[in-house]
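Residue numbers for the sequence shown follow full-length UniProt numbering, beginning at 1 and rising by one.
I have placed the structure first, in the form of C-alpha cells, so that the comments after it can refer back to it.
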Amino acid sequence: MIAVEGRRVVVTGIGVVTPVGNTVKEFFDNLCDGRSGVGELTRFDTSRCPITRAAELPDFVPAEHGISERDIRVTARFQWLAIAASQAAAADAGLDLPRNEIHSASAREPRKLDRVGVAIGVAYSNAEILQRQYALLERGGSRSVSARLCNLTLPNSPTSAVSIRHGLTGPLVTVSGASASGAESIIAAYDKIKYGRAEVMLTGGAESAVNEITIAAFAQNRTGSRVGVCRPFDKDRDGTILGEGAGVVVLEELEHARARGARVYGEVLGYGLRGDAYDMSDIRPDEAPGMRACLEEALLDSGVSTTEVGYINVHGTGTKMNDPAEAFAIREVFGDGPGSGPLVSGTKGATGHMLGGTGGVEFITALLASHHNRVPPSYGLAEPDPRCAELNHVIGTGVAAPVPTAITTSVGMGGNNSAIVVRGWDAGVVAA
1 MIAVEGRRVV
11 VTGIGVVTPV
21 GNTVKEFFDN
31 LCDGRSGVGE
41 LTRFDTSRCP
51 ITRAAELPDF
61 VPAEHGISER
71 DIRVTARFQW
81 LAIAASQAAA
91 ADAGLDLPRN
101 EIHSASAREP
111 RKLDRVGVAI
121 GVAYSNAEIL
131 QRQYALLERG
141 GSRSVSARLC
151 NLTLPNSPTS
161 AVSIRHGLTG
171 PLVTVSGASA
181 SGAESIIAAY
191 DKIKYGRAEV
201 MLTGGAESAV
211 NEITIAAFAQ
221 NRTGSRVGVC
231 RPFDKDRDGT
241 ILGEGAGVVV
251 LEELEHARAR
261 GARVYGEVLG
271 YGLRGDAYDM
281 SDIRPDEAPG
291 MRACLEEALL
301 DSGVSTTEVG
311 YINVHGTGTK
321 MNDPAEAFAI
331 REVFGDGPGS
341 GPLVSGTKGA
351 TGHMLGGTGG
361 VEFITALLAS
371 HHNRVPPSYG
381 LAEPDPRCAE
391 LNHVIGTGVA
401 APVPTAITTS
411 VGMGGNNSAI
421 VVRGWDAGVV
431 AA
C-alpha cells in the first residue's frame, strides 16, 4: 500500500493518567525533576508476594472524569483510564466530541464522526477481573460468572469504550503486542491517517497492571524488582516495577489541523517494526536483531539521519537482558562513546511499567522532549552497567538540550520491537 501523497500526521492533543501526574505539564515536569510515583502496594495484601511496591493511581476516581455510576458497573478500570486519557487528549486538541454513556443507548448524542477513529493498545485484557471470575466459577459454577465478563476483559474493550463514549465510527484498531501494545497502536493509527482512512485518531495505550496475579507472574519469572526500584541500565538493577495508567494522543492529518487552527505539539515522521524470532521472553544481548533493525527502519522511513536524533526514550525495563540488548542496538546504529550520540533515558523507574499503557506514555515523553528541548532522566540509574555504559545517559535530573527529533522504542515479550520518530514543533505553534 502506498501512502496518500502529501498526507502528514501531527499531534494536536495529549492526555495522561499516570502515577507522576494527570496533566501534561505536571507529568513532564515531574519526570524531568526526577520524581517517582512508585510506593508501597495498597491494592492487595502483599504478605504472600515477594514484590511489595508498585506505581499506583491511588486518587483516580472515575466519576471525576464524567464516568457515570451506571457505566462504572459495566466497565473495568483499564477502560476508565483509557476514557479519562482520551477525553483529556480530545479537550487538549480543542475537539468538540459527544460525551455519551457507554451502557445506555438513550443517553447518546445522535452525532457520529466517521472520519475519527480509535486505537488503544492493551496487553493483559484485565487479568484482575479474570482472577476474580475464576474464583467465583470454582465456588459457584457457571451461574456465578458475570454476564458482562466479555465486555470487561476483551482486548478491544478500551478502544470500543472510547469509540462509544465519543460517537467515533472511524477505524477501530486494537493491538495487543505485550509491552509494545501502546506504541504499535500509535503506529496503526498513524497509518490509518497516512493512507487516507481517517483524518483524526485517538490513540495510545492503557493498562491497570497493579494486581496480584500479574505481579506474581513478574515475581516468578524474575523480571520484577524485589528491592522495589526499577533502575534502567544500572549495574545493580534487578527488574522492573509494575504500574498503571494511560497515555493517549490525538493524531491528525496536517491540513485538517490547519483548517481548524489547531495547536500542534509535533509530527510523527516514521517508524520501524521488527521481530526477533528468537524466544518468547529472552533477548540476545549481543545481537538484539529486532531492535537494531527497527531503529534502522525508523530512520530510513522518516528520512532522518542519526545526527538529527537528539534523544531516545528507551524501553528500559531494568531487567538483566533487556537493558544490555537495547544498549547494544543503539551503539550499533548510532555509534558508541560516552557523551556522544543522542541523549538516552528510560522512564519506567518513575512511572512504573504500565505494560500496554507504557508505549503511549513513552511516546508522549519523547514528543514533549523534542517539543520543549528538555530531556528527563532515567530514574533509578546511578552507575551504568559496563555493558550499557557507552551511551549518553541522563542521570539524576532532566537536562535542557536541543532535540531536533526524538525516538521512542518499545519491546514486547515474544520479540515485538518498535521505534517511532517524532519531531517537536515550537511551543504554541498553530498549524497555519
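Just so you know, even glycine gets a beta-carbon here, dropped at the ideal spot from N, CA and C.
None of these values were measured; they are calculated from a predicted model.
In the DSSP assignment, find the beta strand (DSSP E) that holds residue i and state where it starts and stops.
{"i": "N30", "result": "Unbroken run through N30 is the alpha helix (DSSP H), V24 to C32; no beta strand (DSSP E)."}
{"i": "G290", "result": "G290 -> not in any beta strand (DSSP E); alpha helix (DSSP H) instead, spanning P289 to S302."}
{"i": "R423", "result": "N416 to G424"}
{"i": "L95", "result": "It is not in any beta strand (DSSP E) - L95 carries neither H nor E in the DSSP assignment."}
{"i": "A113", "result": "Residue identity differs from the one stated: residue 113 is Leu in this sequence, not Ala. Run containing L113: none; DSSP gives neither H nor E here."}
{"i": "V344", "result": "L343 to S345"}
Which class does residue i belong to by DSSP, given the choice of helix, strand or coil?
{"i": "E267", "result": "strand"}
{"i": "R274", "result": "strand"}
{"i": "H65", "result": "helix"}
{"i": "R132", "result": "helix"}
{"i": "T159", "result": "helix"}
{"i": "A400", "result": "strand"}
{"i": "M1", "result": "Its pLDDT being 49, under 50, M1 is placed unreliably in this model, and the value from its coordinates should be taken loosely. Three-state DSSP puts M1 in coil, outside helix and strand."}
{"i": "H353", "result": "strand"}
{"i": "T358", "result": "helix"}
{"i": "N322", "result": "helix"}
{"i": "E184", "result": "helix"}
{"i": "H393", "result": "strand"}
{"i": "S47", "result": "coil"}
{"i": "C203", "result": "With the sequence shown as reference, residue 203 is identified as Thr, and Cys is not the correct amino acid for it. DSSP places T203 in strand when its eight states are reduced to three."}
{"i": "T405", "result": "strand"}
{"i": "L253", "result": "What sits at residue 253 in the sequence shown is Glu, not Leu. Of the three classes helix, strand and coil, the one that applies to E253 here is strand, per DSSP."}
{"i": "V10", "result": "strand"}
{"i": "R73", "result": "helix"}
{"i": "R374", "result": "strand"}
{"i": "F363", "result": "helix"}
{"i": "V229", "result": "coil"}
{"i": "T317", "result": "coil"}
Here's a check: name, in chain order, each residue in its chain whose Cβ is nearer than 6 Å to the Cβ of residue i, leaving out the five neighbours to either side.
{"i": "V175", "result": "G121, S181, E184, S185 and A188"}
{"i": "Q131", "result": "I213"}
{"i": "L81", "result": "V17, A206 and A246"}
{"i": "R387", "result": "P324"}
{"i": "V229", "result": "G380"}
{"i": "G125", "result": "The question names Gly, yet the displayed sequence has Ser at residue 125. T153 and P155."}
{"i": "I364", "result": "I14 and G247"}
{"i": "P171", "result": "G117, K192, R197 and A198"}
Ordered along the chain, which non-local residues of its own chain (more than five positions away) have a Cβ less than 7 Å from that of residue i?
{"i": "H103", "result": "R70, D71 and V74"}
{"i": "I67", "result": "W80 and I83"}
{"i": "E40", "result": "T52 and R53"}
{"i": "R7", "result": "I193, K194, G196 and E253"}
{"i": "A123", "result": "S176, A178, S179, S181, E207, L355 and G356"}
{"i": "M321", "result": "D282, I283 and P285"}
{"i": "A219", "result": "C49, P50 and I51"}
{"i": "G21", "result": "F27 and N30"}
{"i": "A89", "result": "G13, I14, G15, L202, V248, V249 and V250"}
{"i": "L149", "result": "Q133"}
{"i": "A107", "result": "N100 and E101"}
{"i": "A277", "result": "G415"}
Can you pull the DSSP bridge partners for residue i?
{"i": "R53", "result": "E40"}
{"i": "D234", "result": "P384"}
{"i": "E244", "result": "S208"}
{"i": "G15", "result": "V248"}
{"i": "S410", "result": "S418"}
{"i": "residue 435", "result": "There is simply no residue 435 to check, as the chain begins at 1 and stops at 432 in what is shown."}
{"i": "M280", "result": "Answer by DSSP bridge pairing: none, since M280 is not bridged."}
{"i": "V173", "result": "A119"}
{"i": "G21", "result": "T18"}
{"i": "V430", "result": "R263"}
{"i": "G224", "result": "T240"}
{"i": "L168", "result": "L113"}
Would you kindly report the start and end of the unbroken alpha helix (DSSP H) that includes residue i?
{"i": "V118", "result": "Taken as a continuous stretch (DSSP letters only), V118 belongs to no alpha helix (DSSP H), being part of the beta strand (DSSP E) at V116 to G121."}
{"i": "S142", "result": "It is not in any alpha helix (DSSP H) - S142 carries neither H nor E in the DSSP assignment."}
{"i": "L149", "result": "L149 to T153"}
{"i": "V309", "result": "First-last for V309: V309 to N313, but that is the beta strand (DSSP E), not the alpha helix (DSSP H)."}
Which same chain residues end up closer than 8 Å to residue i when comparing Cβ atoms and leaving out the 5 residues on each side of it in sequence?
{"i": "G335", "result": "T306 and G341"}
{"i": "G398", "result": "L31, C32, D33, G34, R374, V375, P376 and P377"}
{"i": "V11", "result": "V249, V250, L251, E252, V264, Y265, G266, E267, V268, L367 and V422"}
{"i": "I407", "result": "L295, A298, V309, Y311, I312, N313, P342, A366, A419, I420, V421 and V422"}
{"i": "residue 433", "result": "Here the chain covers residues 1 to 432 and nothing more, so residue 433 does not appear."}
{"i": "V4", "result": "K194, Y195 and G196"}
Would you say the beta carbon of residue i comes nearer than 7 Å to a heavy atom of the ligand SAM?
{"i": "T153", "result": "Here there are no bound small molecules, and the ligand SAM is not part of this structure."}
Legend entry - Stretch-stretch touch, CB-based, cutoff 8 Å, three pairs: the region 379-391 with the region 227-242: yes
Legend entry - Three or more C-beta pairs below 8 Å linking the region 154-167 and the region 105-124: yes
Inset, instruction - Taking 8 Å as the threshold, find out whether the region 46-61 comes into contact with the region 193-212 through three or more Cβ pairs. - result: yes
Legend entry - the region 123-130 touching the region 149-166, judged by at least three CB pairs closer than 8 Å: yes
Inset, instruction - Please confirm if the region 291-302 is in contact with the region 342-360, defined as three or more CB-CB distances below 8 Å between the two stretches. - result: no
Legend entry - Stretch pair the region 309-322 + the region 269-280: three plus CB contacts closer than 8 Å: no
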